[in-house]
Each structure stands twice: as C-alpha cells, then as structure tokens.
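**Student:** Below is a structure I'd like to ask you about.
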Amino acid sequence: MKLGLSSYSLYQAIRDGRMTVVDAVRWTAEQGFEHFEIVPVGFDLRDNPDLTDEIRRTAEACGIALSSYTVGNNFIVDSEEEFEARIAELKKHVDIGARLGVRLMRHDVASVPVPEATIHRFEEELPRLVEGCRRVADYAAQYGIVTSVENHGFFVQAADRVQRLVKLVDRPNFKTTLDVGNFICVDEDPVASVKKNLPYASMVHVKDFYLRPAWMELGEGWFRTAAGNWFRGAITGYGDLDLRSILKEIKAGGYDGYISIEFEGLEDCLEASRLSLGQVRRLWESV
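If you use numbering that gives the first Met the number 0, the sequence shown corresponds to residues 0 to 286, in order.
What follows is the structure, encoded as structure tokens:
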C-alpha cells in the first residue's frame, strides 16, 4: 500500500494563494506522503506544458511519485459533435497524464440532475458511455495508462452501475477509482460496496464524512444524498464512516496499490491533510 494525497485536498490553500500546485507537491512530500494525485482544480494544465513539466520535475526532486491524473467529463450531450469533442478533450488530458509520467487517469463519464439519475436513464445512456470509455482507454493504452471511472456524480455512483460499465467496456486498462466514501451519496453501505468493487480497482480514494438524517435542519456546508440524508466532509478518521472495517476489507482483499487521501471538509486543509495521514496510517496498521 502506498499512501498519498490528492491535490484536491489542498484546494483551499491553492485557491486562496497560500500555495501553488508546485508548492503543494513539495509540502506533500515533506509531510511523509508517498505519492501525489494531480486534480486540476485551482489550476489548469491544458495548454500549459511548462507547468506540467515543473510539477513532474518537482516531484522527482522531492522523491514523491505522481500517481494519477484526475479530470471531469460528461458524455451525456445533445449531439454527436459534442460527444466527439468530449472524447477529443479527454485524449488531450491523456497526453497531459503521459507528460506528467502517471500510469493512472480517472475521468468522469456522466452527470445529470439527481431526479433524472434513474436506473432506466442509466440503461438508456449506457451504450454511449461504454463507447466513450473504450475509445479513451484505447488511446491511453499507447502510453501504458490505465483509465478509470470513479463512483462519483450520482449517475454512475452505485457499485453495481460502476461494475456494469467496467464489464461492458471490457478493456484491460479500464477499471475503477474506488472512492470509499462516495457510496453514501447514493445511500449505499460503504463497507459492502467497497468489498463488491475492490477487485476492479486501479486506485483507492479514502475520505470521511459526517452523516446526519434527513429530518435534521442543516445548512451551509452540508449536502444531500440521493435519498435526502445529510453529509459533509470530515478529517479522515474523525467522521462517521466505518473506516476501520473499510480498510480491513481493502487489506484482506490484497490491494497493494495507491491510496489517496481526499479531504473535502471545512477545516483548514493543511492541518486536516496532516491529521488524516496519521489517522489512516494508524487504522491501516491496526486492521
């Protein structure tokens, strides 16, 4: 197991100017993380080869691996021209991933409003999602890059939907980025869903959430699950997810790849990321 940090965890500090993404690479290495996942939020690597090269050189100088490159996407569009444009854009991101030197890349596949994210709509859109993912994976194969879909965005978030997509794409270099917390967004049990999808994982995201029932009156900083329950990000190990059982399943399943901590809470991101590292290490060693 190689424990690292997603740059998304440091978005607060990048957004408010406390650090650049290059500073974030150095800081992450200094804290003792083993790898750094590049998520271009707060910075943009498109048409920016100088920054891409600087990130790679800085990681090499600091002795920290760049594990994955993670980008958004939505294949559900109104025309064939837009669909082709989405594929072309993802291919450019694959090129950026190759320039960074990563061997893993996550891209989203679809997003619709929650009321429309039904199983019937999923089945209707599935052929187009499969085609898009296949074509991007086939392009990435020339670089030895494994592409993946994350359980993310409500439409392809439930464990069975992720599995169905991965199976139908049917490419050895297309898997899933397994986010242990995101299953709660569609009201699934994270322990059961992690166990179900672990065999298809190319990478694991570890995060934590505070969870509250739908009847509570909560406001800013809280989000609704598909069924209307409340959640918000927490320091990893401080929230309500059963991370001990989740990590036990991951270890028992023999997973030995990259694990990225992904902090999404309201606390200071630097302190939260540092504390999360210690918590995950302690939990991993105890299970």
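For each residue, glycine too, the CB sits at the ideal point set by N, CA and C.
Which residue spans inside the region 160–214 form an unbroken beta strand (DSSP E) run of at least 3?
**Tutor:** The qualifying runs are 173–178, 200–205, 207–211.
**Student:** Nearest-angstrom Cα distance between F82 and F74?
**Tutor:** By 1-based counting over the sequence shown, the position of residue 82 is 83. By 1-based counting over the sequence shown, the position of residue 74 is 75. Rounded to whole angstroms, F82 to F74 spans 6 Å at the Cα level.
**Student:** Span of the beta strand (DSSP E) holding L2?
**Tutor:** Looking up residue 2 in the sequence shown gives position 3. Element bounds for L2: 1–5.
**Student:** What's the C-alpha gap between Q30 and F230?
**Tutor:** Along the sequence shown, one-based indexing puts residue 30 at 31. Along the sequence shown, one-based indexing puts residue 230 at 231. The straight-line gap from Cα to Cα measures roughly 28 Å.
**Student:** Leaving out the 5 sequence neighbours to the left and right, which residues in its chain are closer than 7 Å to Y209 when beta-carbon positions are compared?
**Tutor:** Numbered from its first residue, the sequence shown carries residue 209 at position 210. F230, R231, A233, G238, D239.
**Student:** Can you name the start and end residues of the alpha helix (DSSP H) that S272 belongs to?
**Tutor:** Translated into the one-based positions of the sequence shown, residue 272 becomes position 273. Its alpha helix (DSSP H) spans residues 268–285.
**Student:** At a cut of 8 Å, does the region 236–256 reach the region 215–223 through at least three beta carbon pairs?
**Tutor:** Result no; under three Cβ-Cβ pairs closer than 8 Å.
**Student:** Taking C-alpha atoms, which residue in G143, K206, S275, R163 lies nearest to S67?
**Tutor:** If you number the sequence shown from 1, residue 67 lands on position 68. Among G143, K206, S275, R163, the Cα nearest to that of S67 is on G143.
**Student:** According to DSSP, which residues form a beta bridge with F222?
**Tutor:** Numbered from 1 along the sequence shown, position 223 holds the residue referred to as residue 222. Partner(s): F230.
**Student:** Identify whether S78 lies in helix, strand or coil by the three-state DSSP scheme.
**Tutor:** Mapped onto the sequence shown, residue 78 falls at position 79. If DSSP states are grouped into helix, strand and coil, S78 belongs with coil.
**Student:** Whole angstroms is fine: what's the gap from V279's alpha carbon to V205's?
**Tutor:** The sequence position of residue 279 within the sequence shown is 280, counting from 1. The sequence position of residue 205 within the sequence shown is 206, counting from 1. Roughly 8 Å between the two C-alpha positions.
**Student:** Helix, strand or coil for L65? Go by DSSP, reduced to three states.
**Tutor:** Here residue 65 corresponds to residue number 66 of the sequence shown, with the count starting at 1. It is a strand residue.
**Student:** Quick one: is D207 buried, meaning 16 or more other Cβ sit within 10 Å of its Cβ, or exposed?
**Tutor:** Taking the first residue of the sequence shown as 1, we reach residue 207 at position 208. Classification for D207: buried.
**Student:** Which residues in the same chain as V101 place their Cβ atom closer than 8 Å to its Cβ, once the five residues preceding and following it in sequence are excluded?
**Tutor:** As a working note, residue 101 is residue 102 in the sequence shown. I37, L65, S66, S67, Y68, I144, listed in sequence order.
**Student:** Should the region 79–98 be called in touch with the region 113–122, which here means at least 3 C-beta pairs below 8 Å?
**Tutor:** Because the criterion of three Cβ pairs below 8 Å is not met, the region 79–98 and the region 113–122 do not touch.
**Student:** Kindly examine the ligand HEM and report whether one of its heavy atoms sits closer than 7 Å to the Cβ of M104.
**Tutor:** Among the ligands in the structure shown, none appear at all, so the ligand HEM cannot be discussed.
**Student:** Would you list the one or two residues that DSSP bridges to F35?
**Tutor:** Looking up residue 35 in the sequence shown gives position 36. L4, L65, per the DSSP bridge assignment.
**Student:** Taking 8 Å as the cut-off, does the region 181–191 touch the region 126–137 (at least 3 CB pairs, one atom from each stretch)?
**Tutor:** Verdict: no, contact absent.
**Student:** Alpha carbons only, please: which of D46, I63, M18, Y10 is nearest the one belonging to K1?
**Tutor:** Taking the sequence shown and counting its residues from 1, the one referred to as residue 1 is at position 2. Ranking the options by Cα distance to K1, first place goes to I63.
**Student:** Please report how far the alpha carbon of V113 lies from the alpha carbon of N228, in whole angstroms.
**Tutor:** Residue 113 sits at position 114 when you count from the first residue of the sequence shown. Residue 228 sits at position 229 when you count from the first residue of the sequence shown. So the alpha carbons of these two residues sit roughly 13 Å apart.
**Student:** Alpha carbon to alpha carbon, how far is T235 from A271? Give it in angstroms, no decimals.
**Tutor:** Here residue 271 is taken as the residue at index 272 of the sequence shown, counted from 1. Here residue 235 is taken as the residue at index 236 of the sequence shown, counted from 1. Cα to Cα, the separation comes out at about 8 Å.
**Student:** Determine the direct distance from the alpha carbon of C268 to that of W283, and round the result to whole angstroms.
**Tutor:** Position 284 of the sequence shown, counting from 1, holds the residue named residue 283. Position 269 of the sequence shown, counting from 1, holds the residue named residue 268. Looking at the two C-alpha atoms, the distance is approximately 22 Å.
**Student:** Just to confirm the assignment, what range does the alpha helix (DSSP H) spanning I296 have?
**Tutor:** Outside the displayed range of the chain (0 to 286) lies residue 296, so it cannot be described from this structure.
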